[in-house]
Amino acid sequence: MKKAMLKTSLGVAVALASSQLFAAGFALNEQSISGMGTGFAGRSSSADDASTVYGNPAGMSRLKRQQVTVGGAAVIAKTDISGPGSSPLPGETDGDMVPTVGVPMGYYVKPIDEHWSVGFGMYVPYGLVTDYGSGDAARYWGKKSHVEVITFQPTVSYAFNDKVSIGFGPTINKIKGELGSNTINRFTPGTNDGEVKTKGDDTAVGYNVGILVQATDRTRVGLTYHSMVDYKLEGNTKVNNALIGPYSGSKFDATLKIKTPESVDFSVTHELDDHWTLYAGSTWTRWSRLKDITVNNEVPAPLAAQFGTITEEQNWHDTWAHAIGASYKVNKEWVLRTGFSVDQSPTNNTDRSPRIPTGDRKAISIGAGYSPTDDMTIDVAYSYLWEEDTKVNLASATKGRYQAKYENSAHGIGASLTYRF
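With mature numbering (1 follows the signal peptide of the UniProt record, and there is no 0) applied, the sequence shown corresponds to residues -23 to -1, 1 to 398, in that order.
Quick look at the structure:
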C-alpha cells in the first residue's frame, strides 16, 4: 500500500486538536450554564445541578433529589483579519470566517442511597467551524473546517461520608470532521483553483474522574481529571482538479491519528454567608502532545508528486486557565452570578495556522438562576471574551507566504432548565 500525506488535509488534525479552544481559542467550554455565569470558576467544586456530571462526577453526591438538566449555548464569534495576505498569489484578508455555533447539553442524576449516585451526560466538549471566502488569501491554507465531538458519559459517584466523595465516568466520544482547501493551478496561479475535501470520523473512549471534599462547613474543594482521548479518524479525501486528469473527482481512503489532551481542574467554592458565595479555579491542559500533524491518504502514485509527503509543525505548549467568580442569593427564587477568567493559547508565533489563529484571552461573564418552585430552576448566562491580537506568518515552497493579523472576540449566551423529582 502506498501512503502519501496530503497537504491540504493536515488541517483536519489541527482542527480536532483545537477543540477545547473556546477554553483556549476556537472551540467549546460551555458544558454548564450555571458554571458559565461564574466564568467556570468553581467548576469542580460547585455541584449546583446535574451538569456536575461533566464538571466533577463526585459532585453528584451533593444532589439529594433525582434531576435532569438540559440546555444550550450559542457562541457568536467575530474575527477581523487584516494584513498583506498571500504572496505571490492573490487574495483578500478582510473577511470574518467564524459563523455562529450552537452547543447543546443534557444531564441526568439519580441518588440511589446515602452513598451511591448514578447519572449520565451528553455534551459537546470540542468543536470548530471556520469558513473563509472563495477569494480569501487563506483559502490555500484551510478554506473550511467543520469539526465536532459529541460525548456520552455514564457516571457513578460514592460518598464515603458527608465530607468526602469520589466519582468516575467513562466517556464515549464520537468525532467527525469535514475540511476543505483550495489547490493551486501551477500554470495560472490564483485562477481556476482546484479543491480538496476531507471527511473522517471515529469513536474513542476516555474517562473523567473527580474528588470533592467538604473542607469546612462553608468551603468545598474539588479536583477533576479529564483523560486524554486517542482517535484514529477514517474517511476519504476527494480531489477536484482538472490538472490531475482521470483522478479528478475521485475519493481516496484517508486516516488520521490525533490525541486530544488530558486536563486537570482544581477549584474552591466558599460560602461567605447566606447570600454570598465565592469561586476560584485553575485548569491545566497538556497541549504539548501536539508536536506535528500526519495525515495518511491512499492516493495513486501519479498524485504523490503534487500531493507529496508533508509534515506540518505545530509545537503547541501546555496551558493554564484561571478564573474567579461570585454569586449572590437575592432570595429563595433568585441568584445572580459573575466571573472573570484568563486563558493561555497553546499556539506559538512561528507555527500558528489560519485554521486556529488564537491568542491569549480574557473573558467576563454574568448569569442568573431563577427557581419559581423547589422543583425547577432556570439558568441563563452571558459572556464576552477577547483575545490579544495575533499574527499568522507561514511560508511554503508551493503556496508562497501567508501573512495576516487576527483580532478575535466572541459573545456567548446560554440557557438551561433543571427539573427535580
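Backbone N, C-alpha and C define an ideal beta-carbon position, used for all residues, glycine too. All values derive from a computational prediction rather than experimental measurement.
Query                                                                                                                                                              : Result
Using C-beta distances below 6 Å, list every residue in its chain close to glycine 319, excluding the 5 sequence neighbours before and after it, in chain order.   : The amino acid at residue 319 is misidentified as glycine; the sequence shows valine. So the qualifying residues of the chain are His299 and Lys339.
Rounded to whole angstroms, what is the Cα-Cα separation between valine 198 and serine 38?                                                                         : 14 Å
How would you call leucine -3, buried or exposed, if buried means at least 16 neighbouring beta carbons within 10 angstroms?                                       : For leucine -3, the pLDDT reaches just 37, beneath the cut-off of 50, and the residue's location in the model is therefore unreliable, although a value from the coordinates is still provided. Flag for leucine -3 reads buried.
Assuming aspartate 207 and arginine 20 are in contact, meaning their beta carbons sit under 8 Å apart, how far apart are those beta carbons, in whole angstroms?   : Not confirmed; about 24 Å, so no contact.
Where does glutamate 125 land, buried or exposed, given buried means 16+ other C-beta within 10 angstroms?                                                         : buried
Measuring alpha carbon to alpha carbon, tell me which residue in Asp194, Gly157 and Tyr84 is nearest aspartate 250.                                                : Asp194
State buried or exposed for tyrosine 103, treating a residue as buried only when at least 16 other CB atoms are found within 10 Å of its CB.                       : buried
Assuming glycine 12 and serine 28 make a contact with CB atoms under 8 Å, what is their CB distance in whole Å?                                                    : 7 Å
Using a Cβ-Cβ cutoff of less than 8 Å, which residues in the same chain neighbour glutamate 69 once the five nearest sequence positions on both sides are dropped? : Gly62, Gly110, Gly112, Asp113 and Ala114
Would DSSP call tyrosine 117 helix, strand or coil?                                                                                                                : helix
Please classify histidine 294 as buried or exposed, where buried requires at least 16 neighbouring CB atoms within 10 angstroms.                                   : exposed
Just reading off the alpha helix (DSSP H) that isoleucine 10 is part of, what are its end residues?                                                                : 10 to 14
Whole-angstrom Cβ separation of serine 191 and valine 30, contact assumed at under 8 Å?                                                                            : The residue you asked about is not serine; residue 191 is glutamine in the sequence shown. With a Cβ gap of about 19 Å, glutamine 191 and valine 30 do not count as contacting.
Arginine 197 CB to nearest chain C CB: under 9 Å?                                                                                                                  : Included in the structure is just one protein chain, with no chain C present.
Exposed or buried, what is isoleucine 333 when buried is set at 16 or more other beta-carbons lying within 10 Å of its beta-carbon?                                : buried
Three Cβ pairs or more, each shorter than 8 Å: is that satisfied between the region 135 to 154 and the region 363 to 372?                                          : no
Measuring only the C-alpha atoms, how far is arginine 42 from asparagine 150?                                                                                      : 28 Å
Check the C-beta distance from leucine 189 over to alanine 35 and give it rounded, since I have them as a contact under 8 Å.                                       : 4 Å
With a floor of 4 residues, list each alpha helix (DSSP H) that falls wholly inside the region 251 to 335, ordered by position along the chain.                    : 278 to 281
Just to confirm the assignment: which complete beta strand (DSSP E) runs, minimum length 3, are found wholly within the region 211 to 247?                         : 227 to 237
Return the CA-CA distance between tyrosine 347 and serine 360, expressed in angstroms with no decimal places.                                                      : 18 Å
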